[in-house]
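Novice:
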Amino acid sequence: MKYKKIGQGRVLRCWENKIRQLYGRIEDNNLFCRDCNNLIGEIKSRGQRNYVKMDRNQFTYSGTKISK
5 MKYKKIGQGR
15 VLRCWENKIR
25 QLYGRIEDNN
35 LFCRDCNNLI
45 GEIKSRGQRN
55 YVKMDRNQFT
65 YSGTKISK
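Under this note's numbering, the residues of the sequence shown are numbered 5 to 72, in order.
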């Protein structure tokens, strides 16, 4: 997944409007890795906004964070 991370802190939730590219597969409101089939996160909603609640032990990330 390519995600636009803004600010400091861990990646706990990935908001739908900031996800640029999704490489995994979605099954029953769960996001799985396309390569190893690990459960990466669970799709939830808050109000009218959807997000992926990430399992921080099941993924790695790299890149730069955008300052607020």
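Don't be surprised by glycine CBs; every beta carbon is placed ideally from N, CA and C.
Give every residue of the same chain whose Cβ lies closer than 8 Å to the Cβ of R53, excluding the five residues on either side of it in the sequence, and list them in chain order.
Specialist: For the purposes of this step, residue 53 is taken as residue 49 along the sequence shown, with counting starting at 1. Only W19, E20 and N21 meet the Cβ criterion.
Novice: Put K9 into one of helix, strand or coil per three-state DSSP.
Specialist: Taking the first residue of the sequence shown as position 1, residue 9 is located at position 5. Correct three-state label for K9: coil.
Novice: Which partner residues of R17 appear in the DSSP bridge assignment?
Specialist: Along the sequence shown, one-based indexing puts residue 17 at 13. Bridge partners of R17: K57.
Novice: Is the distance from the Cβ of K6 to the Cβ of Q25 below 8 Å?
Specialist: Indexing the sequence shown from 1 puts residue 6 at position 2. Indexing the sequence shown from 1 puts residue 25 at position 21. Their beta carbons are under 8 Å apart, which means K6 touches Q25 by this criterion.
Novice: With the cut-off set at 8 Å, would you say R17 and K57 are in Cβ contact?
Specialist: Counted from its first residue, the sequence shown places residue 17 at position 13. Counted from its first residue, the sequence shown places residue 57 at position 53. A contact, by the Cβ cut-off of 8 Å.
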